[in-house]
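**Student:** For the sequence shown, our numbering gives the first residue as 270, with consecutive numbering after it.
Beta carbons are placed, not taken as given, at the ideal position from N, Cα and C, and that holds for glycine.
As the structure is a prediction and not an experimental result, all values here were calculated from the model.
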Amino acid sequence: MDTRTATAELGWTAYPSSGWEEVSGYDENLNTIRTYQVCNVFEPSQNNWLLTTFIERRGAQRIYIEIRFTVRDCSSIPSVPGSCKETFNLYYYETDSAITIKGSAFWMEAPFLKVDTIAADESFSQVDFGGRLMKVNTEVRSFGPLSRSGFYLAFQDYGACMSLLSVRVFYKRCPSVVQNFAIFSETMTGAESTSLVIARGICIPNSEEVDVPIKLYCNGDGEWMVPIGSCSCKAGYEADNGNMCQACPPGTYKSSQGRGLCVRCPLHSRSTTEAAITCACRNGYYRGDSDQPDAPCTSVPSSPLNVISVVNKTSVTLEWQPPRETGGREDVMYNIMCRKCHSTQRVCSPCDDNVEFVPRQLGFTETHVFISNLLAHTLYTFEIQAVNGVTSKSPYPPQHVSIDITTNQAAPSMIHTMHQVTSTMKSITLSWPQPEQPNGIILDYELRYHEKDHSESNASVVKTQTNTAYLENLRPGTVYVVQVRARTVAGFGKYSGKLFFQTLTYEDYKSEFREKLPLVIGSAVAGVVCIVSLVAICIVCSRKRVYTKEAIYTDKLQHYSTGRASPGMKIYIDPFTYEDPNEAVREFAKEIDVSSVKIEEVIGAGEFGEVYKGHLKLPGKREVCVAIKTLKAGYTDKQRQDFLSEASIMGQFDHPNIIHLEGVVTKSRPVMIVTEFMENGALDSFLRQNDGQFTVIQLVGLLRGIASGMKYLSEMNYVHRDLAARNILVNSNLVCKVSDFGLSRYLQDDTSDPTYTSSLGGKIPVRWTAPEAITYRKFTSASDVWSYGIVIWEVMSFGERPYWDMSNQDVINAIEQDYRLPPPMECPTTLHQLMLDCWQKERSTRPRFTDIVNILDKLIRNPSSLKTLSTVPPVPSKPLLDHSVPDVNGFMSVEDWLSAIKMNQYRENFLGSSFSSLQLVAQMTSEDLRGLGVTLSGHQQKILHSIQALRLPTSTA
């Protein structure tokens, strides 16, 4: 309302009629105005009221009134009585609608709220030495908070001579504004002049939040202040004067959100549409897997130049010069493709596996390679490829240069072993195997030998065309040193190492003869018996032939079974059933060349050694990030077998929710197990770091992945025995994968209720283990289901420790007394019921993992079923009260209570609030705890359980 420009009657209500009077007049600028005046100063006990018309509030909480008025100086009025005033009172009356005023009762009751007594800064008199006839006062007042639809203003005169020149009623608001790329709507000020009203901002079009929440504060003067959070232009958009985010024009791009500007596309790339976040490479140009989106596009290198070869018998050295064109990259490497060809038909095949390449065959940067262990007098084709980080992106094979080389005829390789066939006092008969690489036809062998006590210069030489030799004319009881070498048309190979053989002494000869004498006599008798036996043998052999075929099978478990699993379903094989555990490693775990593994940083420590993050680059595959477990130096054979047994187990699994084994390194040091890398680490610590950051449906998704992996393992007849959130790994896509197979064993399938019995006992994770497994050491898939129920509780409590601070023995006792964990904070009833189903005492009544997966799938398809929340039981069971929560009824103060439950970090939060006594604390809710700053759900859970105990009578607690 504003009467400054009003020219018509205002129509306000005056009481009594002899009081306030509406008249037309002039303001100090001689503008026509409507005013109310009163001047009954000569009459005692004045009480003149003036009431405005109904004024609508329009959502304002605090109202401001600007009053312009004049007051005559009482001293300028002759014969003025002592009741003359130079002030008046301002009131307001709040109501939802206009009121009807009848009679004097309304004024006598005076249902008004006083705003202030208004006094004039300047008064006037009829004689003014300044030449002015009136002095105008302007006063501003405010009142609030208001909650009804509108209000009236009332002016009370109790003996002044004054005029109300104008009344302006208004409220303050912060105007709509665009700040930090966010739009803030017009906002009313608060109920008090010092109030700060929070206004939430909305990002302008084509922008996104940088920091949340985005807000400004509107102060009592209608001014914005304290900006918090901001938005910035999305990728593909740039700022225009700070008020708009406009699309990047074609030919430019902006790869990330922020205040940056659009830039021209990198070399050999382009964008053909607006709002590009990256520029596509032109034909023939590519970006590597590790290249940033703003990197220029590059191409493949040209072929190597000027290849030179040097052949030395069965070895070849190749040298070349780098390619003329590197494709614009600095990561040029070389691969050697080796093929062995038939000299006449020109039919080629890959080289043998034993061919060695130094420094390596694939992915090296040197411009030379040494190739050995080739076959003699054989035609080889070597293809030298130049590759870089984008070669795999090209649809064409790498640029290369080929060279044909024929190896020279080479001498045979060394003979490593020799066997003594017979020995007499003066002779020795020896045999040996053919060299591993004869490199042609063996023409003959040469032996040299001499007595051990004589020098090699006295050695004798014997040649033979077979791989046996008879050494005669030797001395009895003498040790001889013997060496052998083979010869082809290319000449002799190297002599073998020195081998020692001894002739018999005279006493040895006599002893041997006495032992053989009964055999000579018995041989005659045996001749007769042999003829009789031949007939019987013929009969037996015809029957035994049937069993001989079966005897060739070992007693190892077969890979496939038609037992409980589906036809063709792979069944887990315990590596400890192998007589040689190394055989299980070779069968189930792929050997990786150590040159393919690059160790980068330590990320943890395991039982056997450090765990590293690194990269794996296998031939023909792109480089991947991996986790590398190592076996520390000084290990025993037993430790090595135990370390690699986990790889033998993991290598049998292939499922998206089971950690994937890349392979092992056993032929070099250190021994390694290489697995896929999980960026977010263990599930329990990941949840604690992100407490309260995931929705219920996201948590159910995590649980579904774990259940799917366990379903796969159970169908393979595999019992994990250590299922817990700490043994679940999480990758960057929030996919959960079961890991840590150190406690696993094969689940025998010879009964209807297969179990694994640990006869040696050992450490058991009590808080996660089913009661029958703790008591009888019997582990089944049903005991894994119990553990899965604990995992559900861990996930829903964001990584809280099961059973809190209870000891292991207290946990065992509590479970035996049918105590079960209560639902975590804000846990859906359906999920807590699933936990209780998993914790059934009788294992036969627990759900199978197949059932659990189906249940979780239904919950995900019907999210409304997760809205009903479980509540903390009003009275925790006695085992929990006895061991987890101390007897709190005897505490004298809140400080003592917090110290007892180990929550001292919240001491200041409680003492600085209204909850400063145990009586008040006993009435707290989860909302009150959050208001005090207790935001971690695990801490809320623990404090609420203790509060429940505070509420119990002393006798109960």
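#1: Who does V751 pair with in a DSSP beta bridge?
#2: For I1121 and L972, what's the separation of their Cα atoms in angstroms?
#3: My output table needs one value for V1203: the three-state DSSP class, helix, strand or coil.
#4: Return yes when the Cβ of Y1057 is within less than 8 Å of the Cβ of C1107, no when it is not.
#5: Return the chain-ordered list of same chain residues with a C-beta closer than 6 Å to the C-beta of S286, the five sequence neighbours on each side being excluded.
#6: Would you call P667 buried or exposed, if buried means 16 or more other Cβ atoms sit within 10 Å of its Cβ?
#7: Pick out whichever of S584, L434, M1065 has its Cα sitting closest to the Cα of F338.
#8: For I653, count neighbouring C-beta atoms within 10 Å of its own C-beta (all shown protein chains included) and say buried if the count is 16 or more, exposed if not.
#9: For the alpha helix (DSSP H) containing H1101, name the first residue and the last one.
#10: Along the beta strand (DSSP E) that carries E378, what are the first and last residues, could you check?
#11: Does DSSP put G760 in a helix, in a strand, or in coil?
#12: Would you decide whether T1137 is buried or exposed? Buried here means 16 or more other CB atoms lie within 10 Å of its CB.
#13: Count the other CB atoms, across all protein chains shown, that sit within 10 Å of the CB of W281; report buried if there are 16 or more and exposed otherwise.
#14: State the Cα-Cα distance for the pair I966 and P619, rounded to the nearest angstrom.
#15: For T1223, name the three-state secondary structure that DSSP assigns.
#16: Reducing DSSP to helix, strand and coil, say where A994 ends up.
#17: Cα-Cα, which of H669, C610, I471, V1163 is closest to Q590?
#18: In whole angstroms, what is the alpha-carbon distance linking D426 and N317?
#19: When the Cα of K441 is compared with those of T463, L422, I452, A423, which residue comes out closest?
#20: In the DSSP assignment, find the beta strand (DSSP E) that holds S885 and state where it starts and stops.
#21: Taking the beta carbon of K523 as the centre, do at least 16 other beta carbons fall within 10 Å, making it buried, or is it exposed?
#22: Under the rule that 16 or more other beta-carbon atoms within 10 Å means buried, what is Y665, buried or exposed?
#23: Buried or exposed for Q958, going by 16 or more other Cβ atoms inside 10 Å?
#24: Might you give, ordered along the chain, the residues of its own chain that have their beta carbon closer than 6 Å to the beta carbon of T660, omitting 5 neighbours on each side?
#25: Just reading off the beta strand (DSSP E) that F912 is part of, what are its end residues?
#26: Relative to the alpha-carbon of N986, which residue among Q962, L968, F1048 has its alpha-carbon at the smallest distance?
#27: Quick check: what's the CA-CA separation for I497 versus Y362?
#28: Determine the burial state of K898: buried for a count of at least 16 other Cβ atoms within 10 Å of its Cβ, exposed for fewer.
#29: Look at the alpha carbon of T675 and the alpha carbon of V576, and state the distance between them as a whole number of angstroms.
#30: Starting from the C-beta of P1132, find all residues in its chain whose C-beta is less than 6 Å away, skip the five residues before and the five after it, and write them out in chain order.
#31: Look at the alpha carbon of P1155 and the alpha carbon of L1187, and state the distance between them as a whole number of angstroms.
#32: Could you check which residue in D490, E461, V447 has the C-alpha nearest to that of R469?
#33: According to DSSP, simplified to helix, strand and coil, what is W289?
#34: Please go through the same chain and pick out, in chain order, the residues whose beta-carbon is closer than 8 Å to the beta-carbon of F633, but skip the five residues on each side of it.
#35: On the DSSP bridge list, what partners appear for T583?
#36: Could you pull the DSSP bridge partners for E1164 from this structure?
**Tutor:** Working from what's here:
#1: Beta-bridge pairing links V751 to Y718, L768.
#2: Across the structure, I1121 and L972 are spaced so that their CA atoms are roughly 10 Å apart.
#3: Of the three classes helix, strand and coil, the one that applies to V1203 here is coil, per DSSP.
#4: Contact flag set, yes.
#5: Closer than 6 Å at the Cβ level, and outside the excluded window around S286, lies no residue.
#6: Note on P667: 16 or more other CB atoms within 10 angstroms of its CB, so buried under the neighbour-count rule.
#7: Cα-wise, what sits closest to F338 is L434.
#8: Flag for I653 reads buried.
#9: Where H1101 is concerned, the enclosing alpha helix (DSSP H) stretches over 1098-1107.
#10: Premise fails: E378 lies in the alpha helix (DSSP H), 374-378, not in any beta strand (DSSP E).
#11: Here G760 carries a strand assignment [DSSP, helix/strand/coil].
#12: Exposed is the label assigned to T1137, since fewer than 16 other Cβ atoms lie within 10 Å of its Cβ.
#13: Answer is buried; the Cβ neighbour count reaches 16.
#14: The straight-line gap from Cα to Cα measures roughly 53 Å.
#15: Residue placement at T1223 is poorly supported in this model, since its pLDDT is 36, which falls under 50; the coordinates still yield a value, given next. Taken through DSSP and simplified to helix, strand or coil, T1223 comes out as coil.
#16: Of the three classes helix, strand and coil, the one that applies to A994 here is helix, per DSSP.
#17: Checking every option, the nearest Cα to that of Q590 belongs to H669.
#18: For D426 and N317, the distance between alpha carbons rounds to 5 Å.
#19: If we check each option's Cα against that of K441, T463 comes out closest.
#20: Strictly speaking, residue 885 in this sequence is Leu, with Ser absent from that position. Segment 879-885, the beta strand (DSSP E) holding L885.
#21: K523 counts as buried, since at least 16 other C-beta atoms from the protein chains shown sit within 10 angstroms of its C-beta.
#22: With fewer than 16 Cβ atoms within 10 Å of its Cβ, Y665 is classed as exposed.
#23: Q958 should be labelled exposed.
#24: Hits under 6 Å: V569, P667.
#25: Segment 906-919 is the alpha helix (DSSP H) holding F912; no beta strand (DSSP E) there.
#26: Cα-wise, what sits closest to N986 is F1048.
#27: When only Cα atoms are considered, I497 and Y362 end up about 38 Å apart.
#28: The residue in question, K898, is buried, as its Cβ has 16 or more Cβ neighbours within 10 Å.
#29: So the alpha carbons of these two residues sit roughly 16 Å apart.
#30: So the qualifying residues of the chain are I966.
#31: Any answer about P1155 is weak, because its pLDDT of 45 lies below 50 and its placement is not dependable; what the coordinates show is given next. Linking P1155 to L1187 through their CA atoms gives a straight-line distance of about 14 Å.
#32: Among D490, E461, V447, the Cα nearest to that of R469 belongs to V447.
#33: Secondary structure at W289: coil, using DSSP grouped into helix, strand and coil.
#34: Closer than 8 Å at Cβ, skipping near neighbours: M602, Y603.
#35: Bridge partners of T583: none, in fact.
#36: Beta-bridge analysis with DSSP links E1164 to no other residue.
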